[in-house]
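Numbering (this note's numbering), first residue to last: 119 to 656. Backbone N, C-alpha and C define an ideal beta-carbon position, used for all residues, glycine too. It should be emphasised that the depicted structure is a prediction, and the values quoted were computed from it without experimental measurement. Working notes, beginning with the structure itself.
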């Protein structure tokens, strides 16, 4: 009898726990995206664009920390296609990264389903096509992750929010731009700027006296921008998932691939105001405008536009140094961001990456440490997983710049899981650079001019440097980041300036250990596409 009672009790406990586990599972959000060509006229000239579900820009993804994202992408283009999730870390699963080093592209007239979790992240991100020059035709959108209800935020809950996608734009068809690069010629200055697909007239309406969150991403392919709102100040609250010290700015520089969130209080006269984005470090300066409308306003926005910086590099660098981590705020998990004392961790390795222009086979290429990256037919991740020889070699690229002519290669830097690494981006060219690392945020500990030397470590911010996934490198200068390599996989480290990326300014970081465990990395997904040497023989 006692055994029966115990068994009944035990089964009841199991049933309760089972119900708890089911109910505790994080929610799923399902999306079906049909990718097509369509005629758009963002700069007044009809041209071929890439639409998602008929939209340009594509639909925003709105989710909550730890929710599971299922996106079925149906490729109706005439070329293979992939989408990458800019800043979404995809813990332990570079299989879903959506770049040619990790995924076979989705063939025309077929589909593939991405499955990943917005694990332990909050903030403002975006997505875009990673194949060829598709990014120059559209296919991009916002990706916003809200905090869970049990996590506090270090500012009053806004009365609403707006997503602004700022992009430089060419009137030329993306295939023509690609042919220009293939023939060995650089791209010209873009023809204009867009805010949410429009050069002007995008409108954002709010109630007088209320405060709104503006999520702003630079989804362009070439150009840093400055963002400002006529008659209003911007209180910076978040950069790519990190809560910042809440400094107030009249305008903010946002470099290619970067995202910010600012609070704007509608405390002016009830009328319309210009929202302005203008290019940085270009001649001439390109400008796009939108409208901030006070509800009920019948007074149009009036000139002059608020003035922004033009070519002041030192101004931009000084502003960048003021963007710092809020050490008293929670992150996506219920623990203080400041509890990670990155400045006290021993650096296991220093990697210095120098970008250069090169001529290879008589054509323009871009290189990193004298290697101009070229995608092999077999994705690096598949080759690594199945031990396929002849696809990449961990000795192709070195940890420091090398002398001699640039060559083509599949650059992969081998690292060990949980290494703490210092990366120096050295830019000896006269154009600004922008570097992004998939799967990670890194601490931006320093910017400087000239050649980096170890002496500059004395100037590093080792206390409250902002973690972000994309860092700018100023002309004839350097940027230093530190990163804890705790996300196993094959991760793309690339120029966010897409013509440079397309012509070789990228590489991969293999974060590896010899333990095969679901605690460190998921298995290959059952719906994985196979190509190159990984394709089963018929």
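Would you tell me roughly how many angstroms separate the C-alpha atoms of residue i and residue j, rounded to the nearest one?
i	j	result
residue 649	residue 243	30 Å
residue 188	residue 570	43 Å
residue 413	residue 594	47 Å
residue 179	residue 241	12 Å
residue 410	residue 344	17 Å
residue 394	residue 382	14 Å
residue 151	residue 446	39 Å
residue 408	residue 428	20 Å
residue 520	residue 575	22 Å
residue 378	residue 654	44 Å
residue 326	residue 352	16 Å
Residue i by DSSP, collapsed to three states: which one?
i	result
residue 429	coil
residue 481	strand
residue 252	helix
residue 572	helix
residue 620	helix
residue 511	strand
residue 451	coil
residue 526	strand
residue 500	helix
residue 652	helix
residue 150	strand
residue 439	helix
residue 590	strand
residue 136	Residue confidence is low: residue 136 scores 36 on pLDDT, short of 50, so the model does not pin down where it sits. No coordinate-derived value is stated.
residue 462	helix
residue 159	coil
residue 346	strand
residue 467	strand
For a quick check, are the C-beta atoms of residue i and residue j less than 9 Å apart?
i	j	result
residue 443	residue 490	no
residue 534	residue 631	yes
residue 550	residue 592	yes
residue 279	residue 330	yes
residue 609	residue 628	yes
residue 589	residue 597	yes
Tell me which residue opens and which closes the alpha helix (DSSP H) that residue i is part of.
i	result
residue 235	Here residue 235 belongs to no alpha helix (DSSP H); instead the beta strand (DSSP E) covers 228-235.
residue 300	292-300
Would you give the residue range spanned by the beta strand (DSSP E) that residue i belongs to?
i	result
residue 279	278-287
residue 331	329-336
residue 79	There is no way to answer for residue 79, as the model of the chain reaches only from 119 to 656.
residue 377	377-383
residue 554	551-555
residue 596	595-602
residue 646	Per DSSP, residue 646 belongs to no beta strand (DSSP E) and is neither H nor E.
residue 409	405-412
residue 213	Element bounds for residue 213: n/a, residue is neither H nor E.
residue 356	352-357
residue 166	165-170
Take every Cβ of the stretch 267-278, pair it with every Cβ of the stretch 302-315, and state whether three or more of those distances are shorter than 8 Å. no
Do the stretch 285-295 and the stretch 307-315 touch if we need at least three Cβ pairs shorter than 8 Å? yes
With a threshold of 8 Å, are at least 3 pairs of Cβ atoms found where one atom belongs to the stretch 248-262 and the other to the stretch 166-175? yes
Sufficient close CB pairs (3 or more, under 8 Å) joining the stretch 216-235 to the stretch 316-333: no
Would the stretch 477-497 and the stretch 640-654 be scored as touching if the rule is three or more Cβ pairs under 8 Å? yes
Do the stretch 514-524 and the stretch 431-442 make contact, defined as three or more Cβ pairs closer than 8 Å? no
Please determine if the stretch 157-164 and the stretch 200-220 are in contact, where contact requires at least 3 C-beta pairs separated by less than 8 Å. no
Would the stretch 183-198 and the stretch 215-234 be scored as touching if the rule is three or more Cβ pairs under 8 Å? yes
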